[in-house]
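Each remark here refers to the structure printed beneath this line.
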Amino acid sequence: MTERRLWSWLAVVLGGLYFLLPLVGMVDFSMRMQRDGYSFEAYRVVLADPQFQQTFGYSVVLALLTIVLGILIVVPTAYFVRLRFPGLRPIVEFLTLLPLVIPPIVIVFGYIRIYNTSSVLPLTGSWWGTNLLLLFGYATLSLPYMYRSVDTGLRTIDIGSLTEAAQSLGAGWARILAVVILPNVFVSILSGAFLTFAIVIGEYVFAALLNVGSFGPYMVWMGGNRAYEPSALAVVAFAITWACMGLIQLFTRFSKFSTVRR
Amino acid sequence: MAFLDILRLEKSFGAHRVVKDFNLNIEKGEFISFLGPSGCGKTTVLRMVAGFETPTSGAICIDGRDVSGLAANRRNIGMVFQAYALFPNLTVEQNVGFGLRIKGEGKADIRTRVGEMLEMVGLPNLGERYPFQLSGGQQQRVALARALAIRPQVLLLDEPLSALDAKIRTSLREEIRRIQRELGITTIFVTHDQEEALSMSDRVVVMHQGIADQVGTPFEIYNRPATRFVAQFVGTLNLLDASLLDAAAGRVGLGDLPVALNRKLPGRAGDRVSLALRPETVALGRKGEGSVVLPGHIAEVHFLGSVIRIRVAVAGQFVSLDTFNQPDRPPPSVGTPVEVSISDRDLLVLAA
Amino acid sequence: MTTSVASLPTAFRPRQVFSWLGVAPFFLFATLFLILPTLNIVLGAFRNAEGQVTLENLGKLLSPSIRSAFWISIELSLLTAALGCLFGFLIAAAITLGGLPRPLRGAILTFSGVASNFAGVPLAFAFIATLGRLGFVTMLLRHWFGINLYGAGFNIVSFLGLALTYLYFQIPLMVLIITPALEGLRREWREAAESLGASGLQYWRMVALPVLWPSLLGTLALLFANAFGAVATAIALTGSSLSIAPIVLFAQVRGDVLNDPHLGYAIAFAMILLTAIANAIYILLRMRAERWVK
Chain U
84 MTERRLWSWL AVVLGGLYFL LPLVGMVDFS MRMQRDGYSF EAYRVVLADP
134 QFQQTFGYSV VLALLTIVLG ILIVVPTAYF VRLRFPGLRP IVEFLTLLPL
184 VIPPIVIVFG YIRIYNTSSV LPLTGSWWGT NLLLLFGYAT LSLPYMYRSV
234 DTGLRTIDIG SLTEAAQSLG AGWARILAVV ILPNVFVSIL SGAFLTFAIV
284 IGEYVFAALL NVGSFGPYMV WMGGNRAYEP SALAVVAFAI TWACMGLIQL
334 FTRFSKFSTV RR
Chain X
51 MAFLDILRLE KSFGAHRVVK DFNLNIEKGE FISFLGPSGC GKTTVLRMVA
101 GFETPTSGAI CIDGRDVSGL AANRRNIGMV FQAYALFPNL TVEQNVGFGL
151 RIKGEGKADI RTRVGEMLEM VGLPNLGERY PFQLSGGQQQ RVALARALAI
201 RPQVLLLDEP LSALDAKIRT SLREEIRRIQ RELGITTIFV THDQEEALSM
251 SDRVVVMHQG IADQVGTPFE IYNRPATRFV AQFVGTLNLL DASLLDAAAG
301 RVGLGDLPVA LNRKLPGRAG DRVSLALRPE TVALGRKGEG SVVLPGHIAE
351 VHFLGSVIRI RVAVAGQFVS LDTFNQPDRP PPSVGTPVEV SISDRDLLVL
401 AA
Chain W
7 MTTSVASLPT AFRPRQVFSW LGVAPFFLFA TLFLILPTLN IVLGAFRNAE
57 GQVTLENLGK LLSPSIRSAF WISIELSLLT AALGCLFGFL IAAAITLGGL
107 PRPLRGAILT FSGVASNFAG VPLAFAFIAT LGRLGFVTML LRHWFGINLY
157 GAGFNIVSFL GLALTYLYFQ IPLMVLIITP ALEGLRREWR EAAESLGASG
207 LQYWRMVALP VLWPSLLGTL ALLFANAFGA VATAIALTGS SLSIAPIVLF
257 AQVRGDVLND PHLGYAIAFA MILLTAIANA IYILLRMRAE RWVK
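So this is what it looks like as structure tokens:
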């Protein structure tokens, strides 16, 4: 027993070293911009950069829109598949898992071939079209996470009875989804949403290949041209990821007290 | 020296003493039950015998050899768990043959032995199945076959029936006892079900807060409980508050009613005591010599089918008694004044 | 599931139409942005610029530069998937079975959730800041221990450097997936095996690993696909100096190199094929390994 505990500590300590050192290195490097000691100069420079403000703001808006789009697509689907079309379940699950199987770069390559300026739907030809395409692309990337979260949430409530109860009180479908189902899977949706946010905010490949100036390409550009600022950006990105995961934890824990069993 | 000796066994988890000074000698081939409520330490004792827990102090000897320091996989002890614990990735045959494979026995020998074991537990045709394809009762039979296949010195059963349906529980109970007798294997059976313990065992150990309150045959345990806990835990019991009037003459007072027990009692006059009596020892009406007769009236009548349980109010307290159903005699109605009689020998006096 | 209301004949039709309207957007979306693009690539891989069916594009994959790019990608993905599984398993085993303090388990799981999502550009930056020429650990080793990493031939912009970086999201992913599986191992299985005479090693070989096998395989396939499709980390770390399949495709799409869209189709198709094969192998093995649960 004690020997086993010793090995376990060893595994955790070695793992901890591997996982903490890059974080320490990142923070350390980001604060060395001024020769005479640690400073937050790199952060100041980055935050004051209008390019940063613009690309970061763009990515935040895009991430929020992706979440909204994801909810609109996923929630009704997951609900009706559970309630009305259990036969469609394998197909829907397969489709939602596809973005994990097909590399993102292949998907965006397909977009460029299908929606280029000489196609039936020339999305890449206009500013609006390109942004729309990026938005749908990100919704595709987030599909596995969104669907899983929502479907897990739906499993814990008895949507059949809830729906029948709402119907017997005279509610229509839109109202049932918005007033009965949505609040009950709210926490699950939130965890899917934060995950989506963390994925979208620093995404590079889609944005770069569609020539959109979002936060991801900005970071790569900084990486190629500056020394200390990239580390500061990495710290910011890491903090955002932490915040998203932290919020997921917080909400799931909070929900243990508020929602129905299990 | 008996076959399995447990000497001064103690177990503490931190500051919490779970088992206190536990002593027991088990003869070869005996079927012993550990009976008690959950948390009484019975499973801990069993797990120490199996080698899954290390005793804080004390010794466990099997066949004259101290096994306390021996790892579980060296003890040659068969164990059946509450929740089946069949290996889900192995077929029934592979499960039963597991211990033999570990011992390095030949394939043909294993097959023969596994066949015998499955025959013995009555599942000769299910060898190819996986555990998830079996019912709970079948899984537990396989678990029994698996434990016995290695020809263990001792068989340990940790509440093996508590996860099963009532009907299967009864039939499997009889089957376990039959197999145990056939093999003559020394067995410890842990349960919180007193009916199981009483019906199956050669001897019962009633445990309470880490202590063995009483060790005895089911007959002794039931009829001569040593402590108030044993009396209450085993079987249904009427407990009546009384006070000692005269210890030497054996007279107690039940409210205003004096009761003569005609035997010497411990304690002093004025002590509070409890009178304990089993429902089946109480009879309606006046019985022969040596009976204590108490006046009262019918308070409740419960018709249970073959048995009618009647609660009689006696001196402000209640006595439950059982009578057999007789088609030509309907039960008395509530409020009827009656007399109940008890043989003075069946009236147990317990310290309050 | 209750369908009693739905099966009332009078209310049946309009409700069914509504339900179809509910799932229609999803299927439209999946068709336009998932199926058609993929299909376009698969078909494009077998056509030339004039639209005739050909194997010429796939033939170009055999050119030495592209073949080696795929080979490096496969090696990188296999290596990081295997090591990710191994180390992730050890850490998960340590926190589930190792008798470590309970709060540590929660902390490590939370951190794994973060680290597995901390892929891409920022991760590359973190590793450059740590193991780059002027990185934290590089300097630390040189000043304190007199070890010159770069003098010894190490470079973060290399296969090894990339593998080290990929492990940063591979290991936590494994921890996240395998921890519940390890917690599903019941204590009674181990005790039953012990009482039947099995050693700890025998228990692991004959019971625990076979039970965990499907999850292990699944994670391996997932980690493989995960590493194989990762582009951003590699680009941010190495620019395009390390030629792995996704970077070659990236360059093709950007038109940095020869602009031959049909070679791009072929590369993309080969990537889909590889991840699909990885997943198919996984599904097949899993079905074999899980005979014992239907």
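Protein chains in written order, with our numbering: chain U, 84 to 345; chain X, 51 to 402; chain W, 7 to 300. Glycine included, every Cβ here is placed at the ideal spot set by N, Cα and C. These numbers come from a predicted model, not from an experiment.
Would a check of beta-carbon distances place residue i closer than 7 Å to chain X?
i: L202(W); result: yes
i: T286(W); result: Checking the sequence shown, residue 286(W) turns out to be Ala, not Thr. Not closer than 7 Å to any Cβ of chain X, the Cβ of A286(W) fails to qualify, so no.
i: W210(W); result: no
i: W195(W); result: yes
i: A198(W); result: yes
i: P216(W); result: yes
i: V213(W); result: yes
Out of the options, which has the shortest C-alpha to C-alpha gap to residue i?
i: Q250(U); options: R238(U), I240(U), T239(U), V263(U); result: V263(U)
i: A242(W); options: I188(U), P313(U), T324(U), S271(U); result: P313(U)
i: I238(X); options: G64(X), V399(X), T93(X); result: T93(X)
i: R163(X); options: R179(X), Q144(X), F269(X), P181(X); result: Q144(X)
i: L40(W); options: A291(U), A222(U), Y311(U); result: A222(U)
i: G141(W); options: D111(U), L204(U), R87(U), L330(U); result: D111(U)
i: W2(W); options: R108(W), G167(W), V237(W), L191(W); result: This structure leaves residue 2(W) out entirely; chain W is present only between 7 and 300.
i: P308(X); options: P345(X), T286(X), N273(X), R318(X); result: P345(X)
Verify the CB distance criterion: does residue i have a CB-CB separation below 7 Å to chain W?
i: M170(X); result: no
i: L178(U); result: yes
i: V189(U); result: yes
i: L100(U); result: no
i: M129(X); result: yes
i: D111(U); result: yes
i: A131(U); result: no
i: A213(X); result: no
i: F239(X); result: no
i: F84(X); result: no
With a threshold of 7 Å between beta-carbons, can residue i be considered close to chain U, or not?
i: N161(W); result: no
i: P220(W); result: no
i: T102(W); result: no
i: A55(W); result: no
Could you compute how far the alpha carbon of residue i sits from the alpha carbon of residue j?
i: V343(X); j: V390(X); result: 6 Å
i: F283(X); j: A262(X); result: 13 Å
i: L180(U); j: A320(U); result: 26 Å
i: I253(W); j: A125(W); result: 16 Å
i: S25(W); j: L166(U); result: 9 Å
i: G79(X); j: F53(X); result: 9 Å
i: L248(X); j: V351(X); result: 28 Å
i: F18(W); j: P31(W); result: Unreliable positioning characterises F18(W) in this predicted model, as indicated by a pLDDT of 47, which lies under 50. The coordinate reading is nonetheless provided below. The straight-line gap from Cα to Cα measures roughly 22 Å.
i: S205(W); j: R228(X); result: 32 Å
i: G50(W); j: L333(U); result: 47 Å
i: R345(U); j: I183(W); result: The predicted position of R345(U) is uncertain, since its pLDDT is 35 and thus under 50; no value can be drawn from it.
i: F63(X); j: G105(W); result: 15 Å
i: A198(W); j: L188(W); result: 17 Å
i: V143(W); j: F135(U); result: 29 Å
i: P15(W); j: D241(U); result: Confidence at P15(W) is low in this model, with a pLDDT of 44, below 50, so its placement is unreliable and the value that follows should be read with caution. Computed Cα separation, rounded: 23 Å.
i: A326(U); j: F277(U); result: 9 Å
i: G156(X); j: A213(X); result: 35 Å
i: T239(W); j: V163(W); result: 11 Å
i: F214(W); j: R196(W); result: With the sequence shown as reference, residue 214(W) is identified as Ala, and Phe is not the correct amino acid for it. Answer to the nearest angstrom: the Cα atoms are 8 Å apart.
i: L292(U); j: W90(U); result: 47 Å
Any idea which residues DSSP pairs residue i with across the strands?
i: V362(X); result: I348(X), V369(X)
i: H242(X); result: The partner list for H242(X) (beta bridge, DSSP) is empty, contrary to what the question assumes.
i: T237(X); result: F81(X), L205(X)
i: V146(X); result: None, per the DSSP bridge assignment.
i: H26(X); result: This structure cannot speak to residue 26(X), because chain X is shown only from 51 to 402.
i: I110(X); result: I56(X)
What residues in the region 169 to 185 of chain W have a beta carbon less than 7 Å from any beta carbon of chain U? Y174
If the cut-off is 7 Å on Cβ atoms, which residues from the region 137 to 162 of chain X count as contacting chain W, listed in chain order? F137, P138, N139, F148, G149, I152, K153
For the region 366 to 390 of chain X, list every residue whose C-beta sits within 8 Å of some C-beta in chain W, in sequence order. none
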